[in-house]
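This report refers to the structure that appears directly beneath it.
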Amino acid sequence: MATPLSATSGNASAPVQSKDDKPLSPAARAKADLNVSIVQASLTVSLNSSNEPLSVVLKTALTGINEALKDDFGDNAIQNAVSQDNTPQGTASRIVSLSTAFYEAYKQQHAGEDETETLNNFINTLKKGVDQGFKEARDVLQGLKVLNGDVASNIDKTYDLVQQGFADFITAHQPKPRDAEAAQAAT
Numbered sequence: 003m004a005t006p007l008s009a010t011s012g013n014a015s016a017p018v019q020s021k022d023d024k025p026l027s028p029a030a031r032a033k034a035d036l037n038v039s040i041v042q043a044s045l046t047v048s049l050n051s052s053n054e055p056l057s058v059v060l061k062t063a064l065t066g067i068n069e070a071l072k073d074d075f076g077d078n079a080i081q082n083a084v085s086q087d088n089t090p091q092g093t094a095s096r097i098v099s100l101s102t103a104f105y106e107a108y109k110q111q112h113a114g115e116d117e118t119e120t121l122n123n124f125i126n127t128l129k130k131g132v133d134q135g136f137k138e139a140r141d142v143l144q145g146l147k148v149l150n151g152d153v154a155s156n157i158d159k160t161y162d163l164v165q166q167g168f169a170d171f172i173t174a175h176q177p178k179p180r181d182a183e184a185a186q187a188a189t
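Following the working numbering, the numbering of the sequence shown begins with 3 at its first residue and continues without gaps.
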């Protein structure tokens, strides 16, 4: 059973400020507003379900990836699909497949560069976004006091599966050595 919670305060028009009481920059304010939106949307999470909090992981991981890819591909490079399988395997699979789908476009933007370096830079960009997203998801779930037991272990499992997915992607897309290509062409 879902436990509805309210994320609104009595003073919704109060200016958002940093923890040292200084006004936030427009970019920081936008990020804070986005985080509030994520929290508000996530507060309908069923506190008795072990899989629903993983949808928060997906949302924040994709937000982090979107931010990391923003310079190369613009806003919302990856669209969030909330109503899908939120098991660790399903969540990790979507994170990996949605984020790595941009590889060909990334390669085109870096034409003429070393292929191995381009592949590694692409995956490192994705990993940075994933790390940011998972950290934010853990922070949100910790704030909801649901980051424990199965929830925590499912998040860890999801993270590990995403990292394995990226490693598998690198293996599958690693440029073949020229000697292997020559030997293959000779047969």
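Think of the CB as a built atom: it goes at the ideal place given N, C-alpha and C, for glycine as much as any other residue.
Practice item. Specify, as a first and last residue, the run of the alpha helix (DSSP H) that His112 falls within. Key: Locating residue 112 in the sequence shown gives position 110, counting from the first residue. Careful: His112 lies outside any alpha helix (DSSP H) and carries neither H nor E.
Check your understanding: Asn2 by DSSP, collapsed to three states: which one?
Key -> Residue 2 lies beyond the residue range present for the chain, which begins at 3 and ends at 189; the question has no answer from this structure.
Review point. With 16 other CB atoms within 10 Å as the buried threshold, where does Asn50 fall?
Key: Within the sequence shown, the letter at position 48 stands for residue 50. In this prediction, Asn50 scores a pLDDT of 40, lower than 50, which makes its location untrustworthy; the coordinate-derived value is nonetheless stated afterwards. Counting Cβ neighbours within 10 Å, Asn50 comes out exposed, since fewer than 16 surround it.
Review point. Is Glu138 buried or exposed, if buried means 16 or more other CB atoms sit within 10 Å of its CB?
Key: Position 136 of the sequence shown, counted from the first residue, corresponds to residue 138. When all chains shown are included, Glu138 counts as buried.
Check your understanding: When burial is assigned at 16 or more other CB atoms within 10 Å of the CB, is Gly114 buried or exposed?
Key -> Reading the sequence shown from its first residue, position 112 is the one you call residue 114. When all chains shown are included, Gly114 counts as exposed.
**Study point:** Short Cβ contact (8 Å threshold) for Thr89 with Val59
**Key:** Walking along the sequence shown from the start, residue 89 turns up at place 87. Walking along the sequence shown from the start, residue 59 turns up at place 57. Result no, Cβ atoms of Thr89 and Val59 do not sit closer than 8 Å.
Check your understanding: Helix, strand or coil: which one does DSSP assign to Gly171?
Key -> As a working note, residue 171 is residue 169 in the sequence shown. The sequence given here places Phe at residue 171; Gly does not occur at that position. Residue state, collapsed to three classes: helix.
Point to revise | Other residues of its chain near Pro97: CB distance less than 6 Å, five sequence neighbours each side excluded | key: Translated into positions along the sequence shown, residue 97 becomes position 95. Strictly speaking, residue 97 in this sequence is Ile, with Pro absent from that position. Once the five neighbours on either side are set aside, the close Cβ partners of Ile97 are Ala63, Val164.
Check your understanding: Counting Cβ pairs, one atom from each stretch, are 3 or more of them under 8 Å apart for the region 101 to 109 and the region 139 to 148?
Key -> no
Check your understanding: How big is the Cα-Cα spacing for Val132 and Gly66?
Key -> Position 130 of the sequence shown, counted from the start, is the residue given in the question as residue 132. Position 64 of the sequence shown, counted from the start, is the residue given in the question as residue 66. Rounded to whole angstroms, Val132 to Gly66 spans 6 Å at the Cα level.
Point to revise | Pairwise C-alpha distance: Glu119 and Phe168 | key: Taking the sequence shown and counting its residues from 1, one reaches residue 168 at position 166. Taking the sequence shown and counting its residues from 1, one reaches residue 119 at position 117. Each residue's alpha carbon lies about 15 Å from the other.
Review point. Do you know how far the Cα of Ala174 is from the Cα of Lys109?
Key: Within the sequence shown, residue 109 is the residue found at index 107, counting from 1. Within the sequence shown, residue 174 is the residue found at index 172, counting from 1. Near 15 Å, if we compare the C-alpha coordinates of Ala174 and Lys109.
Practice item. Please name the residue, chosen from Lys178, Ser99, Pro179, that lies closest to Phe171 on a Cα-to-Cα basis. Key: Counting from 1 along the sequence shown, the entry for residue 171 is found at position 169. Nearest of Lys178, Ser99, Pro179 to Phe171, Cα basis: Ser99.
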